[in-house]
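To start, the structure under review is shown below, and the notes come after it.
Protein chains: 2
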Amino acid sequence: MPPAILATLSQALIDAPLSREAGPLQRQLHDRLKRSILGGHLAPATRLPGSRVLAEALSVSRNTVTAAYDLLAAEGYVHSDRQGTRVAALSRPAHVRRAGAKAAVPVTASRLSDLGTMVPRGHAAAALRPCVPALAQFPLADWRRALDRAVRRGGPAGLGYGEPLGQPDLRATIARHLGLSRGVRCTPDQVVITEGAQEALSLCARLLTNPGDTAWIEDPGYRGAKAAMQTTDVRIVPKRVDAEGLVTTAEDWKHPPRLVYVTPSHQYPTGAVLTVQRRLALIEQAMRHGAWLIEDDYDSEFRHAGEPITAMQGLVEQAPVLYLGTFSKTMFPSLRLGFLVLPEGLLAPLERPLKELLRGGHVYEQLALSAFMESGEFARHLGRMRRLYRDRQSCLRDALTRHFRVPHSVEGGHSGMHLTVRLPSRFPDVAIAAAAARYGLSPVPLSGFALHPLPQDNGLVLGYGNTPIELYEPYVKRLSQLARTAEVR
Amino acid sequence: MPPAILATLSQALIDAPLSREAGPLQRQLHDRLKRSILGGHLAPATRLPGSRVLAEALSVSRNTVTAAYDLLAAEGYVHSDRQGTRVAALSRPAHVRRAGAKAAVPVTASRLSDLGTMVPRGHAAAALRPCVPALAQFPLADWRRALDRAVRRGGPAGLGYGEPLGQPDLRATIARHLGLSRGVRCTPDQVVITEGAQEALSLCARLLTNPGDTAWIEDPGYRGAKAAMQTTDVRIVPKRVDAEGLVTTAEDWKHPPRLVYVTPSHQYPTGAVLTVQRRLALIEQAMRHGAWLIEDDYDSEFRHAGEPITAMQGLVEQAPVLYLGTFSKTMFPSLRLGFLVLPEGLLAPLERPLKELLRGGHVYEQLALSAFMESGEFARHLGRMRRLYRDRQSCLRDALTRHFRVPHSVEGGHSGMHLTVRLPSRFPDVAIAAAAARYGLSPVPLSGFALHPLPQDNGLVLGYGNTPIELYEPYVKRLSQLARTAEVR
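Next up, the structure:
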């Protein structure tokens, strides 16, 4: 065979010699040849040595060579015919590389990088991290038993995709549960199982908006809702929150939005409760202007004072409300099961789109959760947690009163698993949170929840869900000290 | 108390009397009063009877009444002061209801309803349904053991959110696995764990496009990819597929897209393999024009002839390729774990957006999967399945040759778990599939994969992954008969 090729090949093999250790020889030979071809060292139409010749030259079996040639042919790097094996004509990556990666980074991505200060969330068990339930108190053994039963019941079919909109059992159980506990009026068909509340939000943002539409979001408010909106071309309009929840004026409604995101039963993060007057006004305006209300019934299960206030969804018949919830806190975050309750009017138009988008899945988990709820284990767990969080909250309040030596006001806390501590702006929350992270504490700065933070949007959101009582005193003392250190004089 | 109110109340209670069976009396009383207020039967400023009076009138305990009043006050339906309890001023839902639900259904939803003929997917175990692996052959017991170990290893912390971009163990394992088996060049940081391939697609569509951008998709092609694009405002441009895969001309590139979705190793549904010439040309053009290639390395693990062709992602350094895959077929669909391999250039710009959007979760499943892959159980399972699918395919081919008495050509099948049977257009595939569904068979009509079906886009996609060999003869005979019945003369 022509010396040039021998040279090239031996070069390729000197660069990276074949070795019995580095996997199948034929694969190694194939890779060398491929690289020489792609690198342009073996020019198009070059005839490769016959398999016997090359096998001898490399002292490998002839089958090794033919196998390598076959794969190269299958991939289109070479053509084989009666005359032998020739290198195919390829555009050389050498050119390609020179062109460089001039691909732009699009706006959606950059919009998402601008949702307010990002503070390291800390690991799941980080102290004082909001929205994490008491992981160690979850009845994992009972849950695993429920899963085992579901696996036995579901059989191998449970390994399949399952129903795109969710397993019928779970949809029915959730509809019943919401009717009884939250006054939500819905049939099982209106319930769609989602990957936690986040996918429910994403579906609302993606399915209910047209280009140029606006969405009102609470400011300060839940970052996840903004993130979901930011991936669409909907224009986000932040609306302020006061002690009675989301504030919207008649003036506002002169430019009606397509979507309004609201957390009525426990505004996140301020903990305000949307008054019934405002709820009814929202519903009325939404109906007048063809807007959709997204009711995130956040933390409603953990009301610490009185009975839970019933949901907006059930307040008025035909209310244009998409009601969503998650089991991340009532069960555990890693489960990633949530739900979206569609208004009757959207059942028909959204069924097909949802079936195109959703894949179901987690069939055993869905069956197990349904059984867990029907058997009363879920309610018992909620009861235990409600008591636990109530205790933890009052202890955290005490600790703050006693040991947080900085002017502050504690807000919210009539439900859920976090308290919001407002601070004068001379105690910059971002600085305090960043410093706290170094001690394994994960309070979240209040200003991080606001798109346009005002001076009063300064403070710390403290989660007590997964942090045991005995640690409150040392942690609060630490935060107090860090706050004083961070004070701007 | 004024007779009017007594009348109203008793009316409310005649309509729906309190009953010990229907849950707590206070909640029932609260609901009646609430309905009367919302219904306008109790006008604003109306004074409600004192708790003792009403308690006697209803023969319930006084606590029951006070509890109901308290909740009504908490919700803002009534005000209580020294003068007693008065109905608050509310905008009446009567008005609201009249306004009606004039909320429009947006374009994205309607676009999704227009992705081609929808045919009932049938349940997970439906015969001949494409893309469903052999569920009964999955080593469920081994997997459950791996999960148990993961639960013990992860402890309660594993119930938490976990890492938004995926558990480090699994990301590292996948990077290693892809390097060895697919020639993908990546570090663990480039690997993002997703909810199956569908979320990976959705992330690409949402994070990499600007309004007005176009995305090229294979036609016929995977519906899920179109669905993911349709929820953004990107304009979908279908590109035809031939025996060598996606066809794109220099002319096409005069209007370059932002995204190109391609299934190079096994075009879905035609089964064509994208030649290396076309792969290199795509990469070169994408680099020149700042486009992103989305490589869905669909079914590459189940190659039935020769060694798997290595991925586009590793073909050229710095290739602008987003490589995605799923464990739905190598493990099982209900697991809903997939991954997205980002190009190095997108790591920095996308890290923050991804952290805002993703919530992690399924921590035990991720740990278990990583261990399953490291222990070699995954590879053993793949080996078993590769042999199984090879047998099933050849038996299905035989059955088609022998018993499918309709002019047809069988396409693809060098890998994966489906065969595409092209039919003359006088045998309308949608009609045949619909008829087959009545016999519990779920072949998918080829035309359903095309946005703009041509006459040749007519046929049946037959999945053999989850359908045992002994059933091929009767099923193919059935399909053959249904096809002849459906023939248009």
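Taken in order, these protein sequences are the chains called X and D. Heads up, the first sequence is in this note's numbering, so the first residue is 11 and it goes up one at a time. Heads up, the second sequence is in this note's numbering, so the first residue is 11 and it goes up one at a time. The beta-carbon is built from N, C-alpha and C at its ideal position, and this holds for glycine as well.
Item	Value
Contacts that E287/D makes with chain X (C-beta to C-beta distance below 8 Å)	The amino acid occupying residue 287/D in the given sequence is Gln; Glu does not appear at that position. By Cβ distance, chain X contributes G86, A98, A99, L100 and S101.
Distance CB(G371/D)-CB(S344/X) smaller than 8 Å	yes
Span of the alpha helix (DSSP H), counted from its first residue to its last, around R363/X	It should be noted that the sequence gives Pro, not Arg, for residue 363/X. E354 to L367 is the extent of the alpha helix (DSSP H) around P363/X.
Contacts that Y399/D makes with chain X (C-beta to C-beta distance below 9 Å)	Correct list: empty, because the minimum Cβ distance to chain X is about 16 Å.
Collapsed DSSP secondary structure at Y333/X in the structure displayed	strand
Chain D within 8 Å of H276/X, Cβ atoms only	no
Reference L433/D, options S457/D, G423/D, A446/D and G450/D, closest by Cα	S457/D
Contact between the segment 327 to 345 of chain D and the segment 307 to 314 of chain X (3+ Cβ pairs under 8 Å)	no
Nearest-angstrom Cα separation, counted from D439/D out to V416/D	12 Å
Assigned exposure category for S29/X - 16 Cβ within 10 Å defines buried	exposed
Strand pairing of F312/D, partner residues [DSSP]	In DSSP, F312/D forms no bridge with anything.
Exposure label - D91/D; buried when at least 16 CB within 10 Å	exposed
Under 7 Å from the C-beta of Q208/D: neighbouring residues of chain X	R369
Three CB pairs or more closer than 8 Å across the segment 161 to 178 of chain D and the segment 358 to 376 of chain D	yes
CB contact below 8 Å: G172/D versus chain X	yes
Interface flag, R202/D vs chain X, CB-CB below 8 Å	Residue 202/D is actually Val in this sequence, not Arg. Closer than 8 Å: no.
According to DSSP, residues forming a beta bridge with D91/D	G94/D
Complete runs of the beta strand (DSSP E) confined to the segment 371 to 432 of chain D [at least 3 residues]	419 to 421 and 428 to 432
A137/X - partner residues in DSSP beta bridges	L451/X
Within-8 Å CB hit, R374/D to chain X	The question names Arg, but residue 374/D in the sequence shown is Tyr. By this cut-off, Y374/D is an interface position.
Close-in-space but distant-in-sequence residues of the same chain around A160/D (CB under 6 Å, 5 per side omitted)	Y374, L377 and A378
Interface residues of chain D facing D243/X [CB-CB closer than 7 Å]	P221 and D243
Per-residue burial, Q200/X [other beta carbons within 10 Å of its own, 16 or more giving buried]	buried
S120/X versus A237/X: straight-line alpha-carbon distance, rounded	11 Å
Cβ pair R57/X, R72/X closer than 8 Å	no
Amino acids of chain X, ordered along the chain, whose beta-carbon sits closer than 9 Å to that of R233/D	E366
One or two residues paired with G189/D in a DSSP bridge	Answer by DSSP bridge pairing: none, since G189/D is not bridged.
N- and C-terminal bounds of the alpha helix (DSSP H) containing T495/D	Y482 to A496
Reduced DSSP secondary structure (H/G/I, E/B, other) of P248/X	strand
Range covered by the beta strand (DSSP E) that runs through I304/X	W302 to D306
Own chain partners of P103/X with C-beta closer than 6 Å, once the 5 adjacent residues on each side are dropped	With a pLDDT of only 46 at P103/X, under the threshold of 50, the placement of this residue in the model should not be trusted, and no figure is reported.
Where the segment 316 to 331 of chain D meets chain X: residues whose CB sits under 9 Å from a CB there	G316, E317, I319, T320, L325, V326, E327, Q328, A329 and P330
Neighbour flag for R216/X against chain D, beta carbons, 8 Å	yes
Q208/D versus G335/D, A55/D and L145/D, residue with shortest Cα-Cα distance	G335/D
Meets three-Cβ-pair contact criterion under 8 Å: the segment 179 to 193 of chain X and the segment 352 to 372 of chain X	no
Alpha helix (DSSP H) runs wholly inside the segment 162 to 228 of chain D, at least 4 long, in chain order	178 to 192 and 206 to 217
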